[in-house]
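Sequential numbering from 982 applies to the sequence shown in my numbering. Glycine included, C-beta positions come from ideal geometry on N, C-alpha and C. In this text the structure is predicted, and so the values were computed from the model without any measurement. Okay, structure first, notes after.
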Amino acid sequence: MSGGRHDPQEAQAVTHPVALLLSHFGDAFNGQRVDEMARCYTDGFAAVVNGAFVDRAPYLESSVQLLAAGYRDIRFALRQCRDLGADMFLADGTTFVIDPEGVERWSIFSILCVDEGQGLQFSYTHSSMPVPVS
């Protein structure tokens, strides 16, 4: 909201199923609830990070390593989201996180979210490595 007026697009973004999933994951990450983080991903999850293919287990392990290293306060800015039908969404946006030295870093992502009967989950993502916000 800006200027005390309600922005319908902003309200829709906050309540969009993908925004809610990202928020849930962020809460789990910030609370260091690894099991809850893992439930945000389908069993067949795969990713491309900086051009390298990564399966679910190593991708989740990298999140655990970030937590262990002291990364904190992750948040997401959803830029756009497209409903592909049948409980499937394609979205892109920016991830922000504070590194162990207190520097805010960002990375861009595209993510495919699906509901395979366990609620909406991340199925595939393409992202860059976090770089300092300038």
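Annotation for Glu-1017: Ala-1009 place their beta carbon closer than 7 Å to its own, counting only its chain and skipping 5 residues before and after.
For Glu-1085, the secondary structure class from DSSP, reduced to helix, strand or coil, is strand. Membership of Gly-1012 in any beta strand (DSSP E) is not indicated, and neither H nor E is assigned to it by DSSP. Residues of the same chain with a CB within less than 8 Å of the CB of Glu-1085, apart from the 5 flanking positions on each side, are Phe-1077, Val-1078, Ile-1079, Pro-1113, Val-1114 in chain order.
For Arg-1037, the enclosing alpha helix (DSSP H) begins and ends at 1037 to 1050. Contact check between the region 1040 to 1048 and the region 1061 to 1072: fewer than three CB pairs, one atom from each, fall below 8 Å, which does not count as touching. In this model, Val-999 and Ser-1108 are separated by some 16 Å (Cα to Cα). Beta-carbon to beta-carbon, Phe-1026 and Arg-1037 are separated by about 4 Å, close enough to satisfy the 8 Å threshold. DSSP places Leu-1071 inside the beta strand (DSSP E), whose first and last residues are 1069 to 1079.
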